[in-house]
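A short write-up of the structure that comes next.
Residue numbers (my numbering): 78 to 164.
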């Protein structure tokens with residue numbers, strides 16, 4: 078039984094030696110960079126949009142101009158999403 082284990086280990090080492098992994102200089106092989114999870118991407122996009130809406134509202138307020146009601150509605154929708162993200 079011990080001989081079978083040693084034979085299996087030698088076979089595995091031999092197979093690993095033949096893998097085309099290139100020179101890794103003793104470091105672990107890492108997979109390529111993947112994709113940001115959709116949840117985090119969507120949160121980031123909503124946060125960016127929230128900041129854009131806030132900036133537009135502030136600029137119009139500072140200029141003494143009427144603020145578009147659509148901006149206020151979008152602000153109210155986004156503030157709930159962004160608030161949940163930071164709780």
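For glycine and all other residues, C-beta sits at the position ideal for the given N, C-alpha and C.
Out of curiosity, what's the CA-to-CA distance linking residue 131 and residue 148?
As a first step, residue 131 is located in the chain shown; it is residue number 54 there, counting from the start. As a first step, residue 148 is located in the chain shown; it is residue number 71 there, counting from the start. Answer to the nearest angstrom: the Cα atoms are 9 Å apart.
What number of angstroms, rounded off, separates the C-alpha of residue 136 from the C-alpha of residue 142?
As a working note, residue 136 is residue 59 in the chain shown. As a working note, residue 142 is residue 65 in the chain shown. Taking the straight line from one Cα to the other gives about 9 Å.
Please classify residue 111: does DSSP put it in a helix, a strand, or coil?
Position 34 of the chain shown, counted from the start, is the residue given in the question as residue 111. DSSP places residue 111 in coil when its eight states are reduced to three.
Output the distance between the C-alpha atoms of residue 134 and residue 114, rounded to the nearest integer angstrom.
Looking up residue 134 in the chain shown gives position 57. Looking up residue 114 in the chain shown gives position 37. Spanning the two alpha carbons is a distance of roughly 31 Å.
Give every residue of the same chain whose Cβ lies closer than 6 Å to the Cβ of residue 152, excluding the five residues on either side of it in the sequence, and list them in chain order.
As a first step, residue 152 is located in the chain shown; it is residue number 75 there, counting from the start. 130, listed in sequence order.
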